[in-house]
Amino acid sequence: MSDAAPAKIEAAPANPALDQRFIQLALALGRRGLGRTWPNPAVGAVIVKEGVVVGRGWTQPGGRPHAETEALKRAGKAAQGATLYVTLEPCSHQGKTPPCVDAIIRAGIARVVSALEDPNPEVAGKGYAKLRERGIVVATGLGAEEAAHQHAGHVRRMRQGRPQVLLKLAASSDGKAGLPGRKPAGITGEPARVRVHQMRAESDAILVGIGTVLSDDPHLTCRLPGMIERSPVRVILDARLRVPLATSIIGTAREMLTWVFTTPSASPVAEGILKSKGVEVIRVEGKDGRLDLAAVLKDLAGRGITRLMVEGGPTVAAAFVQADLVDEAALFRSPNPLGEGIDALEGLPLTALTKSPKLKSVITETIGGDTLELFDRS
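So the sequence shown is residues 23 to 400, counted in my numbering.
Below is the structure:
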């Protein structure tokens, strides 16, 4: 089918107030897909004609259909002469689906307002160029800061070959994460736990170390009502394949994607047993008995993971901090001390995170009786 546009229709003039309103709507729609669209970014799109929304779309689970084609399908013939608001540059290359720019051109869209250029080298401005070649007015940059944060995982994967890493920590008022002997302790209250599950739902994958599995036997799922399907891929770092078969994670591996990273020297017999339980075992290089975190992240990115939530214990958390692989951090603090116990960061003061020159505190909020401080890479 030809991608020639219908007879040209004059684009609606820019209206700063309306443009801001509709790009914000596109961003809100895009957030619906966070954690569900990998390997593709969670894009939102809105089609507006004469000030009225005639089509809405967001990237569907698994990354397809794309947001633009979903919005165009809903708009139908009303898309002709309309304005498309989209959070990321429309794709211009043939992937598993045809280019979105071709669908936009065929539909007769007169103007495109896009928040952020796609860093994917197969796109990277080519989508904008093709639209302009067909006489479509293209405005870029509106909502760029928020879009950059929302698409941080896609941007990081394209530019650095690894996912965006969110480190979640829970610490008592005296900086402890557990009781002596690595026994788990309830640090925060129920409202904080609800927020953690919301974070899980917006992540592609969640990562813990073998220590957390042995001490806590976690499920690593999203246990909010009706949201179990929003659970991320579960990733375990286990250099010697010590994970017990009786754990909750292994017991549910056939229902939920579960990946165990180990070293080349780990037991092939143990690997075979885990595979029989539905676990995928991935071997990467290690050193001194520990896995190379950079190699783990590279492999995850190769599998399409863009947003990784690290919820492991103090050892894994400290390893990510020391390797400068933390892009965002969520520090939940209880007002109560634990006294004796294990530090939130193994072998490091908590200030290695909170006072890191690589991270800046962006907001502190109260959640029930606890506080949450969020950090971003500066």
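Note that beta-carbon positions come from the ideal geometry of N, C-alpha and C, so glycine has one too.
Source: prediction; values computed, not measured.
For Met-180, the enclosing alpha helix (DSSP H) has its first and last residue at 174-182.
The region 125-133 makes contact with the region 92-106: 3 or more CB pairs, one atom from each, lie closer than 8 Å.
Note that the region 181-200 touches the region 358-375; at least 3 beta-carbon pairs, one per stretch, sit closer than 8 Å. Take Thr-210, set aside five residues on each side of it, and the residues of its chain with a beta-carbon closer than 7 Å to its own are Ala-192, Phe-354, Ser-356 and Asp-392, in chain order. Scanning the region 236-280 for uninterrupted alpha helix (DSSP H) segments of 4 residues or longer gives 270-273, listed from N- to C-terminal end.
When only Cα atoms are considered, Ala-151 and Ser-270 end up about 51 Å apart. Per the coordinates, the alpha-carbon of Val-160 lies some 20 Å from the alpha-carbon of Gly-52. In the DSSP annotation of this structure, the continuous segment of the alpha helix (DSSP H) that includes Asp-124 starts and ends at 122-129. Nearest Cα to Gln-186 within the set Gly-308, Gly-200 and Ala-170: Ala-170.
When the five nearest sequence neighbours on each side are left out, the beta carbons in the same chain lying within less than 8 Å of the beta carbon of Arg-178 are those of Arg-184, Pro-185, Gln-186, Thr-328 and Asp-349, in order along the chain.
Where Glu-395 is concerned, the enclosing beta strand (DSSP E) starts and stops at 392-399. Linking Glu-144 to Ala-101 through their CA atoms gives a straight-line distance of about 26 Å. The distance from the Cβ of Leu-367 to that of Ala-339 is about 6 Å, consistent with a contact at the 8 Å cut-off. The C-beta of Pro-63 has 16 or more other C-beta atoms within 10 Å across all chains shown, which makes the residue buried.
Under the criterion of beta carbons closer than 8 Å, Met-331 and Pro-254 qualify as touching, at roughly 7 Å.
Under the DSSP definition of a beta bridge, Leu-229 partners with Val-257 and Val-332.
Of all alpha-carbon atoms in Lys-148, Val-306, Ile-304 and Val-257, the one lying nearest the alpha-carbon of Pro-121 is that of Lys-148. Looking at the DSSP output, Phe-283 bridges to Leu-259 and Ile-304. Around the Cβ of Pro-247, a 10 Å sphere holds fewer than 16 other Cβ atoms; the residue is exposed. Rounded to whole angstroms, the separation of the alpha carbons of Gly-85 and Gly-73 is 29 Å. DSSP places Gln-102 in no alpha helix (DSSP H); its state is neither H nor E.
Around the beta carbon of Val-306, 16 or more other beta carbons sit within 10 angstroms, so the residue counts as buried. Under the criterion of beta carbons closer than 8 Å, Gly-335 and Gly-233 qualify as touching, at roughly 5 Å. Of the residues assessed, Gln-182 falls on the exposed side of the cut-off, its CB having fewer than 16 other CB atoms within 10 angstroms. According to the DSSP assignment, Lys-320 belongs to the alpha helix (DSSP H) that extends over 315-324. Between Gly-163 and Asn-37, the alpha-carbon positions lie close to 15 Å from each other.
Excluding sequence positions up to five before and after Asp-346, its CB lies within less than 7 Å of the CB of Lys-380, all in the same chain and listed in chain order.
Boundaries of the alpha helix (DSSP H) harbouring Lys-95: 89-97, taken from the DSSP string. A straight line joining the alpha-carbon of Asp-321 with that of Pro-35 spans about 46 Å. DSSP places Ala-199 in no alpha helix (DSSP H) but in the uninterrupted beta strand (DSSP E) bounded by 198-200.
If you compare the alpha carbons of Arg-399, Lys-198, Thr-243 and Thr-119 with that of Thr-280, the shortest gap goes to Thr-243. Here Thr-388 is exposed. Its C-beta has fewer than 16 other C-beta atoms within 10 Å. Here Thr-59 is buried, its C-beta having at least 16 other C-beta atoms within 10 Å.
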